[in-house]
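Each residue of the sequence shown is one higher than the one before, counting from 1 in UniProt numbering.
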Amino acid sequence: MQAERIMEFVRVAESAALACERWCGRGDKVAADQAATTAMREAFNSIDFSGRIVIGEGERDEAPMLFIGEELGRGGEEIDIAVDPLEGTNLCAYDRPAAWCTIAVAPRGALLYAPDTYMWKVAAGPACRGKISVDASPSDNVAAIAQALNKPISEVCVCILDRPRHADMIAELHKTGCRVKTIDDGDVYWCIATALPGSGVDAVMGAGGSPEAVLSACGLKAVGGAFSARLGFEVDPDGVEKRARAEKMTDIDLDAVLSMDDLVRSDDALFIGAGVTNSELLKGVQVFSDGAQSIETLVLNAYDSSARIIRSCHRGETGQIHL
């Protein structure tokens, strides 16, 4: 993907982050999500390309949405998009760390085209490629991760969403003796963090949204991470309907273990995440007294296996740039 095109998509994520910053700490996650979604849609529609949302956030929780099948852009190169306009709506609403605006893009047909349902997954860093599986037990996966990382199970840290559906999995993980980090939101952030030294997290397990799974797989593909997944219709209240829809949307085996390459079927794939609130990886949007703004964006490019953090500064009333 050309550098100019990459920067266009960076500006899409930045636009969403800048739009929802004003909702940080105001307790209204729906307004924050709506602001991010509206800004993202407008930014996509300003680009000369033919974009299509193949998997998006919003159907499951009736949030404002960039809907599956929505066409974006002014025409041109055909590109598929996976999107979570604001990952961590609660994190933004209550000004907690690691809210960000995320997109993944790839050539038409390269990203999984499926309903917004749940997906079971195991994500880990590069050393664990080929050694973890969503069909293995949590205990077996922890043992495999410990062996791959050459450290005792007691030093392995697994991150998991704090949800009732994960109660048995969390109990089993605790029995192994590993450390368990429970989170309220943000599994894309922590999936990608598994491949980044110093994050303190070795793996992510459990069932999250299928859009988040595709976004995570795209990011991990760029940095050589490990990923295994399976659609989780059984934990979705609308699972029967979603499965019927999925059978018409995709030719994949809906019960199969899905690899990173099943979710992202091209090396010309890009993950972009623009920080809204501060995290260990990115600074959130900063607004200065003169109205100037700065923002940091993570760009993971599977084409050249690169990771970049871009800091953008927007001038305020005084015209000063704040670096």
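Note that beta-carbon positions come from the ideal geometry of N, C-alpha and C, so glycine has one too. Since the structure is predicted, the reported quantities are computational estimates derived from the model, not experimental observations.
Open item on the list: Judging by CA-CA distance, which residue of Cys159, Ser15, Val240 is the nearest neighbour of threonine 285?
Closed with: Note that residue 285 is valine in the sequence shown here, rather than threonine. Closest option to valine 285, Cα to Cα, is Ser15.
Task: Exposed unless 16 or more other CB atoms sit within 10 angstroms - verdict on aspartate 116 - done: buried
Task: Whole-angstrom distance between glutamate 8 and isoleucine 98, CA atom to CA atom - done: As written in the sequence, residue 98 is alanine, which differs from the isoleucine given in the question. Each residue's alpha carbon lies about 23 Å from the other.
Open item on the list: Less than 7 Å between C-beta atoms, sequence neighbours within five positions excluded: which residues of the same chain meet that for lysine 242?
Closed with: Pro115, Thr117, Phe233, Asp236
Open item on the list: Please identify the residue among Thr102, Leu91, Asp48 whose C-alpha is closest to the C-alpha of phenylalanine 271.
Closed with: Thr102
TODO: Can you grab the Cα-Cα spacing for the pair serine 46 / glycine 73, in whole Å?
DONE: 6 Å
- [ ] Check tryptophan 23 in the structure and name its three-state DSSP category.
- [x] coil
TODO: List the residues that DSSP assigns as beta-bridge partners of glutamine 286.
DONE: Ser294
- [ ] Indicate the three-state DSSP secondary structure (helix, strand or coil) for alanine 17 in the structure shown.
- [x] helix
Open item on the list: Residues in the same chain with beta-carbon distance under 8 Å from methionine 1, minus the five sequence neighbours each way, listed in chain order, please.
Closed with: Val105, Asp268, Leu270, Asn301, Tyr303
Open item on the list: If I measure Cβ to Cβ from isoleucine 145 and keep anything under 7 Å in the same chain, skipping five residues before and after, which residues do I get?
Closed with: Ala124, Cys128, Ile132, Val156, Asp202, Ala203
- [ ] Taking leucine 66 and arginine 96 to be in contact with their CB atoms under 8 Å, please state how far apart those CB atoms are, rounded to whole angstroms.
- [x] About 24 Å separates the two Cβ atoms, so there is no contact after all.
- [ ] Identify the continuous alpha helix (DSSP H) that holds lysine 151 and give its terminal residues.
- [x] Segment: none, lysine 151 is in no alpha helix (DSSP H) and carries neither H nor E.
TODO: Provide the residue(s) that pair with valine 180 in DSSP beta bridges, ordered along the chain.
DONE: Val158
Open item on the list: Taking the alpha carbon of valine 134 as the reference point, which residue from Pro152, Pro164, Met169 has its own alpha carbon closest?
Closed with: Met169
Task: Straight-line gap, arginine 308 to tryptophan 100 (C-alpha atoms, nearest Å) - done: 16 Å
Open item on the list: Suppose contacts are defined by Cβ-Cβ distances below 7 Å. Is leucine 196 in contact with alanine 229 by that definition?
Closed with: no
- [ ] For the stretch 85 to 116, list the alpha helix (DSSP H) runs that are entirely contained and at least 4 residues long, ordered along the chain.
- [x] 89 to 93
Task: Euclidean distance between Cα positions of asparagine 141 and alanine 226 - done: 12 Å
TODO: Following the continuous alpha helix (DSSP H) through glycine 130, name the residue where it begins and the one where it ends.
DONE: Segment: none, glycine 130 is in no alpha helix (DSSP H) and carries neither H nor E.
Open item on the list: Is it buried or exposed, glutamate 21, if we count other Cβ atoms within 10 angstroms and call 16 or more buried?
Closed with: buried
Task: Sequence-distant residues of the same chain with beta carbon closer than 6 Å to arginine 265, five excluded per side - done: Ala110
Open item on the list: Going by C-alpha to C-alpha distance, which of Glu247, Ala244, Arg108, Gly291 sits closest to leucine 18?
Closed with: Gly291
- [ ] Answer yes or no: do valine 12 and phenylalanine 49 have a C-beta to C-beta separation smaller than 7 Å?
- [x] no
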